[in-house]
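In order, the protein sequence lines correspond to chains A and B. In terms of UniProt numbering, the first sequence is residues 1 to 272. In terms of UniProt numbering, the second sequence is residues 1 to 272. The beta carbon of each residue, even a glycine, is placed where N, CA and C say it ideally should be. Written out below as structure tokens is the structure these notes cover.
Protein chains: 2
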Amino acid sequence: MGKWRVQALRPTRMDRSAEFSRWKAQCLSRADLSRKGSVDEDVVDLVQLLNAREQFFTTSSCAGRILLLDGGMNGFEVQKQNCCWLLVTHKPCVKEDVVVALKKASGDAVLKFEPLVLHVQCRQLQDAQLLHSVAVDSGFRNSGITVGKKGKTMLAVRSTHSLEVPLSHKGKLMVTEEYIDFLLNIANQKMEENKRRIGRFYNCLQHALERKTVTNSHPKFKEKNNPTGSPKKERKAAKAHGKCIPEENEKEMENDGCDDLGISVTLFPEDY
Amino acid sequence: MGKWRVQALRPTRMDRSAEFSRWKAQCLSRADLSRKGSVDEDVVDLVQLLNAREQFFTTSSCAGRILLLDGGMNGFEVQKQNCCWLLVTHKPCVKEDVVVALKKASGDAVLKFEPLVLHVQCRQLQDAQLLHSVAVDSGFRNSGITVGKKGKTMLAVRSTHSLEVPLSHKGKLMVTEEYIDFLLNIANQKMEENKRRIGRFYNCLQHALERKTVTNSHPKFKEKNNPTGSPKKERKAAKAHGKCIPEENEKEMENDGCDDLGISVTLFPEDY
Numbered sequence: 001m002g003k004w005r006v007q008a009l010r011p012t013r014m015d016r017s018a019e020f021s022r023w024k025a026q027c028l029s030r031a032d033l034s035r036k037g038s039v040d041e042d043v044v045d046l047v048q049l050l051n052a053r054e055q056f057f058t059t060s061s062c063a064g065r066i067l068l069l070d071g072g073m074n075g076f077e078v079q080k081q082n083c084c085w086l087l088v089t090h091k092p093c094v095k096e097d098v099v100v101a102l103k104k105a106s107g108d109a110v111l112k113f114e115p116l117v118l119h120v121q122c123r124q125l126q127d128a129q130l131l132h133s134v135a136v137d138s139g140f141r142n143s144g145i146t147v148g149k150k151g152k153t154m155l156a157v158r159s160t161h162s163l164e165v166p167l168s169h170k171g172k173l174m175v176t177e178e179y180i181d182f183l184l185n186i187a188n189q190k191m192e193e194n195k196r197r198i199g200r201f202y203n204c205l206q207h208a209l210e211r212k213t214v215t216n217s218h219p220k221f222k223e224k225n226n227p228t229g230s231p232k233k234e235r236k237a238a239k240a241h242g243k244c245i246p247e248e249n250e251k252e253m254e255n256d257g258c259d260d261l262g263i264s265v266t267l268f269p270e271d272y
Numbered sequence: 001m002g003k004w005r006v007q008a009l010r011p012t013r014m015d016r017s018a019e020f021s022r023w024k025a026q027c028l029s030r031a032d033l034s035r036k037g038s039v040d041e042d043v044v045d046l047v048q049l050l051n052a053r054e055q056f057f058t059t060s061s062c063a064g065r066i067l068l069l070d071g072g073m074n075g076f077e078v079q080k081q082n083c084c085w086l087l088v089t090h091k092p093c094v095k096e097d098v099v100v101a102l103k104k105a106s107g108d109a110v111l112k113f114e115p116l117v118l119h120v121q122c123r124q125l126q127d128a129q130l131l132h133s134v135a136v137d138s139g140f141r142n143s144g145i146t147v148g149k150k151g152k153t154m155l156a157v158r159s160t161h162s163l164e165v166p167l168s169h170k171g172k173l174m175v176t177e178e179y180i181d182f183l184l185n186i187a188n189q190k191m192e193e194n195k196r197r198i199g200r201f202y203n204c205l206q207h208a209l210e211r212k213t214v215t216n217s218h219p220k221f222k223e224k225n226n227p228t229g230s231p232k233k234e235r236k237a238a239k240a241h242g243k244c245i246p247e248e249n250e251k252e253m254e255n256d257g258c259d260d261l262g263i264s265v266t267l268f269p270e271d272y
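Set out below in structure tokens:
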């Protein structure tokens with residue numbers, strides 16, 4: 001039984017690694033099927049950094065955008081296939097852009113800011129764990145791993161840092177232009193913060209990958225399973241200098257007042 | 001080497017299982033540290049269903065709520081620790097509730113609807129995979145697995161189904177009462193939809209756990225690694241009857257227009 005297990009394990013691992021390389025080659029050789037047809041400028045560096053490592057490849061990405069949708073009945077996602085896109089931009093936008101676009105609204109128009117969404121296929125679970133830890137520590141707190149039934153391992157990088165604001169009902173504008181101006185100021189600031197987080201993610205990932213390389217060549221190295229390599233005290237100090245640390249206050253906001261047994265989600269990759 | 005691996009594996013697995021049981025006993029015996037001090041009514045059944053299974057226990061939960069925050073400078077999460085909670089409710093709320101609460105606003109008040117957030121610790125990765133698949137198929141598309149460095153495996157159940165609307169700036173109301181009425185109508189509908197998804201999650205989970213039990217007693221049973229047990233065709237049919245199927249249109253909304261190589265996130269747990 002034990003012998004059988006050892007024999008079974010090794011070829012499986014080799015197959016998995018070769019299979020992953022095939023998937024990666026296939027995926028990266030395919031045409032970009034997105035409407036835009038190219039990787040967003042603000043994530044090009046991050047996408048290239050990931051795709052340059054044999055253990056990762058990106059399957060989809062959106063750097064972050066402001067969009068104005070029409071027809072999402074009361075903003076129900078379930079209705080979204082009937083939506084019309086009135087405006088989409090990956091750059092800061094001004095009141096006039098939205099006011100003009102809103103003139104075409106016939107249903108319930110909703111303005112959204114969507115932060116970075118990035119899907120990265122990972123060769124092994126431990127590769128996804130490292131990437132997950134870095135993503136969370138960079139502020140992408142809602143990131144999570146998916147492991148499919150055939151073992152395909154994917155990290156979805158997500159942030160909590162969004163905005164969803166109904167603006168019109170059955171074509172009738174429900175807010176003032178002054179409010180739209182105020183709202184876009186907030187949306188643009190969120191876009192800037194999102195860019196900063198992408199930059200932090202890029203830097204933290206580079207450090208984590210370097211550390212991992214050092215680590216793997218010294219198996220007993222203490223940081224082996226700690227991608228960001230910063231114990232709590234150092235993390236507190238790092239936080240003061242805007243380095244890679246979880247944004248615990250977000251977690252507090254999310255669960256305070258509800259049933260929370262005090263386990264910090266943002267710290268799982270470090271503490272568990 | 002091979003022999004060493006087999007010897008090392010077995011006690012580790014046994015330890016892990018015993019360790020999980022200890023964690024579970026500890027966690028469930030602890031006092032509820034949340035502000036509310038109890039599990040939200042709308043998730044009690046789901047939480048009980050999970051905690052009744054030896055492979056799961058919940059570490060935190062919020063059924064979904066409407067909240068009004070003050071002081072989040074331009075809604076920046078990074079500022080949230082300075083926030084004041086003007087209103088929190090797990091029930092539908094009316095304009096008057098918000099209008100009264102807004103009188104206390106001195107900073108930038110933001111109205112949010114937050115859907116279910118549930119954190120479930122899982123004994124093994126495959127337990128998390130099953131739960132993840134069920135969560136995604138029930139509409140909780142942003143759910144994801146976290147695996148800590150010591151192997152603690154957690155599923156975070158999250159939905160995309162939120163709302164975040166700035167209402168006032170430096171204490172000055174930026175919208176009309178008519179808009180607040182319109183907005184709360186949407187927030188209340190989102191709360192209802194969130195409840196439906198919780199119900200769907202409960203039902204899908206029951207079926208998946210029953211199927212798994214049958215499966216485990218018949219190792220060759222085809223559905224072993226397919227928690228929802230529904231091939232694509234059946235899934236399409238099921239969708240028409242409001243059964244457990246991913247809400248693919250949400251995914252389309254999320255990445256259409258950006259770099260998307262066409263892999264559906266909602267289908268990972270099924271397809272990969």
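Item: Cutoff 6 Å; reference A:L111; Cβ partners in own chain excluding five residues on either side; Value: L68, V165, L167
Item: Against chain D: residues of the region 190-209 of chain B by CB proximity under 8 Å; Value: The displayed structure is made up of protein chains A and B, and chain D is not among them.
Item: CB of A:N203 within 8 Å of CB of A:G64, strictly; Value: no
Item: Interface flag, B:E164 vs chain A, CB-CB below 8 Å; Value: yes
Item: Inter-residue Cα distance where the pair is B:S133 and A:D127; Value: 21 Å
Item: Under the three-state DSSP convention, the category B:E114 falls into; Value: strand
Item: Cβ neighbours of A:N188 in the same chain (closer than 6 Å, five flanking residues each side left out); Value: P92
Item: Strand pairing of A:H119, partner residues [DSSP]; Value: A:S60, A:A156
Item: Separation of A:D15 from A:R123, as counted between CA atoms; Value: 11 Å
Item: Contacting positions in the region 137-151 of chain A - beta carbon closer than 8 Å to chain B; Value: N142, S143, G144, I145, T146, V147, G148, K149, K150, G151
Item: Buried/exposed call for A:G107, threshold 16 Cβ in 10 Å; Value: buried
Item: C-beta contact flag for B:I198 and B:L46 at 8 Å; Value: yes
Item: Reduced DSSP secondary structure (H/G/I, E/B, other) of residue 315 of chain A; Value: The question about residue 315 of chain A has no answer, for chain A in this structure spans 1 to 272.
Item: A:K195 - DSSP class collapsed to helix/strand/coil; Value: helix
Item: Sheet register partners of B:V147 (DSSP bridge); Value: B:T153
Item: Contact set between residue 320 of chain A and chain B, taken where Cβ atoms lie within less than 9 Å; Value: With chain A running from 1 to 272 in the structure shown, residue 320 of chain A is simply not present.
Item: A:A105 to A:V175 span [Cα, whole Å]; Value: 14 Å
Item: Within 8 Å, strictly: CB atoms of A:S162 and A:F140; Value: no
Item: Buried or exposed (CB count within 10 angstroms, at least 16 for buried), A:E192; Value: exposed
Item: Start-to-end residues for the alpha helix (DSSP H) that takes in B:D127; Value: 125-137
Item: Alpha-carbon to alpha-carbon, A:M154 and A:E19; Value: 15 Å
Item: Status (buried if at least 16 other CB within 10 Å, exposed otherwise) for B:A109; Value: buried
Item: Supposed contact pair B:V147 and B:L116 - C-beta distance, whole angstroms, cut 8 Å; Value: At roughly 22 Å, the Cβ-Cβ gap does not stay under 8 Å, so B:L116 and B:V147 are not in contact.
Item: Residues that DSSP places opposite B:C84 in a beta bridge; Value: B:D70
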